[in-house]
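Here the structure is laid out as C-alpha cells; the discussion comes afterwards.
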Ligand code: PLP
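Residue numbers (the numbering used here): 207 to 653.
Rendered as C-alpha cells:
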C-alpha cells in the first residue's frame, strides 16, 4: 500500500480514533518508514527519534534480526492458543528468565504493560489473600481498569472511581521533595519512613502489594536514591507484602541494565515488562514471577488469561530482540551512552540555559526539568497544563520538530530517550537541536 500523505491524513481523520486525544484537534504525522534511530513521513521529512516512539524502540527501528525472526515465524506458525506448548514461546520465556534476577523463572505473557500490571496485582492478591495495593502518586501503570487505578498521574482522574483497595504514597523525588528533604540521603530516609507509616495505618495484614516503577518513567525519570529500593524490599519482607516492580519502561536496556533493579541489586517478587522486551515490533508484555509466587499456582489454577498470551509472532520477536541485544551489547551501550555521552552533554546544556532546572537520568533514560525560575523551581508550565498554559512546552517541541528531532514532552519536562543503539554522533546532533530549542524555552523564564 502506497497512499500519499494527503490520503493517509484523510483516511486517518475519517476512521482512526486516537488515544488520549480530542479527535478534531489533532493532526497526526503520516509516518511511512523508519530505520535505526530515524523515522520519516510521507512528505519525506526525517526525524531523529528522541522518544523511541513511546520509549519502546530500545533496539532501534527495523532491526534486521528482529524483522527476520517475525517473518520466519509468520511462515511457520502465525498464531497458537495459550494452552499449547511451543518452541518460540518456551524460548522467549527461558531467555527472559535468564536475564532476570535470581529466583524469577516463570513468565506470564500479556499483550502489553497495562495487562501485565493487572495480572501482577491479581497474583499478589491471590498469593497473600489480601486486597490493598500501594501505588505512587508520580506513576503511570497503563490504561485498563486496574492499571489506571494504580496510576498516580492525571490520566487516572477521568476513570475514577476505580478499582477499590488502591492506596497512594509519595516516592522519592528530591527536586520537588514531598518531605522537605535537602539531600538524597534525607529524601530516601523520609520516603521510607512515610511508607512505613502508611503500612502501619492501613494495616499490614490488608496489604497485598507495593507497586513501584523502579525508575519512574513518564512522570519524571525519577531515579531512586541508593538504599530506597532495598528499604522498600525490607518493608515488604517484614510484612509479607509482594513487591511489584513495573519495568515496562525502565527494563530491557533502557537503564543500562537488563532490569533496572539490577543496578541496586534488589530482587522484587514480580516484575512487569513490555516495550523494550521486543522493542514493540509486535505487542508483547508479561509478568516475571518469583519461584515462591509461581508455586502458589502449582496446584491451584491461576484465574486469568488472554487469547494472545504467548503469541508466537510476539515471542519470536522477543527471542530475536534479546539475542541481538546480547550479541550487540545493547545493555552495555545504553550504560556507556548515559555515562559518557548523554549525561555529560545534557549537563552542559543545563550550564547554559536558565530554563533547565534539573538534569537527571541514567542509561538512555534522561529528563530535563524546565523551570521559569531556577531559584523558586516554578515549572515552565503548570502541572497537567493544556492549551495556552502549555504554550512554552509546545514552542519547545515545535522547534525540535522543525529541526528534525522528535522530542518526548510531558508537563514541564523533555525526556531524552532515544533508542539504546543510537550512535554518539546522532545523540550529540539531537542534543544540539535541544540546545537551540532551549533558547526558546529560556524566553519564558522570569529571571
Ligand atoms: N507501565 C509503565 C511504567 C509504562 O510506562 C506504561 C506505558 O507507557 C505502561 C505500564 C502501560 O503499558 P501499555 O501501554 O503497553 O499498556
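Where a beta carbon is used, it is the ideal one built from N, C-alpha and C, also for glycine.
What you are looking at is a predicted structure, and each value in this text was computed from that prediction instead of being measured.
- In this structure, residue 455 has its CB closer than 7 Å to one or more heavy atoms of the ligand PLP.
- Of the residues assessed, residue 565 falls on the buried side of the cut-off, its CB having 16 or more other CB atoms within 10 angstroms.
- For residue 480, the shortest separation between its Cβ and any heavy atom of the ligand PLP lies below 7 Å.
- Collapsing the DSSP output to three states places residue 312 in a strand.
- The C-alpha of residue 220 is placed about 46 Å away from the C-alpha of residue 500.
- For residue 246, the pairing in a beta bridge is given by DSSP as 239 and 252.
- Counting along the chain, the unbroken alpha helix (DSSP H) around residue 218 starts and ends at 211-221.
- Boundaries of the beta strand (DSSP E) around residue 479: 476-479.
- For residue 514, the closest alpha carbon among the candidates 460, 593 and 492 is that of 492.
- Here DSSP, grouped into helix, strand and coil, assigns residue 432 to coil.
- DSSP places residue 505 outside both helix and strand once states are collapsed to three, so it counts as coil.
- Look at residue 539: its beta carbon is at least 7 Å from all of the heavy atoms in the ligand PLP.
- Contact between the region 404-422 and the region 292-310 is not established, with fewer than three Cβ pairs separated by less than 8 Å.
- Taking C-alpha positions only, residue 520 is separated from residue 584 by approximately 44 Å.
- In the structure shown, residue 297 adopts helical secondary structure according to DSSP, grouped into three states.
- Our two residues, residue 517 and residue 285, have alpha carbons roughly 6 Å apart in a direct line.
- Partner residues in the beta bridge of residue 417, as assigned by DSSP, are 450.
- Distances between the C-beta of residue 379 and the heavy atoms of the ligand PLP are all 7 Å or more.
- Using a Cβ-Cβ distance cut-off of 8 Å, the region 638-648 and the region 597-611 are in contact, since at least three pairs of beta carbons, one from each stretch, lie closer than that value.
- Relative to the non-hydrogen atoms of the ligand PLP, the Cβ of residue 423 comes within a distance shorter than 7 Å of at least one.
- Checking the 7 Å criterion, the Cβ of residue 569 is out of range of every heavy atom belonging to the ligand PLP.
- Per DSSP, the beta-bridge partners of residue 375 are 342.
- Annotation for residue 347 indicates a beta carbon within 7 Å of some heavy atom of the ligand PLP.
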